[in-house]
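*Asks:*
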Amino acid sequence: MYAFFWWFVIATPLLVIPAWWVIFKKAGFHPGLSIFLFFPLLNVFLLYFIAFSKWAPRPFESNFSTNSADS
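Using my numbering, the final residue of the sequence shown is 71, and nothing's skipped along the way.
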């Protein structure tokens, strides 16, 4: 029983922080803010801050070549 609890406590941050890190980075915020999601009440404030603030997203980066000589 306790082994599952500790596995959950360790696995949850390892799965959640990288995902939110990318979301914050793509939204134009400092990605380190994702660590604050594990603090009670601060996480609610942070999600509202992200939801209602003006985003400064990065420019679109295409992985495809637009060179017509390739076709």
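Using N, Cα and C, we set each Cβ at its ideal position, and we do this for glycine too.
Spatial neighbours of V9 within its chain, please: CB distance less than 6 Å, with the 5 preceding and 5 following residues excluded, ordered by chain position.
*Replies:* Along the sequence shown, one-based indexing puts residue 9 at 9. Taken in chain order, the list of residues that qualify is empty.
*Asks:* Less than 8 Å between the CB atoms is what I'm expecting for W20 and L42, so what's the real figure, rounded?
*Replies:* The residue given as residue 20 occupies position 20 in the sequence shown. The residue given as residue 42 occupies position 42 in the sequence shown. Contact doesn't hold; Cβ gap of about 13 Å is too wide.
*Asks:* Starting from I35 and walking both ways along the alpha helix (DSSP H), at which residues does that stretch end?
*Replies:* Taking the first residue of the sequence shown as 1, we reach residue 35 at position 35. I35 -> no alpha helix (DSSP H), and no H or E assigned at all.
*Asks:* Keeping to the same chain, check which residues put their C-beta closer than 7 Å to that of P13; ignore five residues upstream and five downstream.
*Replies:* As a working note, residue 13 is residue 13 in the sequence shown. F38, listed in sequence order.
*Asks:* For H30, which residues from the same chain have a beta carbon less than 8 Å from its beta carbon, with the 5 sequence-adjacent residues on both sides left out?
*Replies:* Within the sequence shown, residue 30 is the residue found at index 30, counting from 1. Around H30: F24.
*Asks:* Could you pull out every residue in the same chain whose Cβ sits closer than 7 Å to the Cβ of L46, ignoring the five residues on either side in sequence?
*Replies:* The residue labelled residue 46 in the question sits at position 46 within the sequence shown. The residues are L33, F36 and L37.
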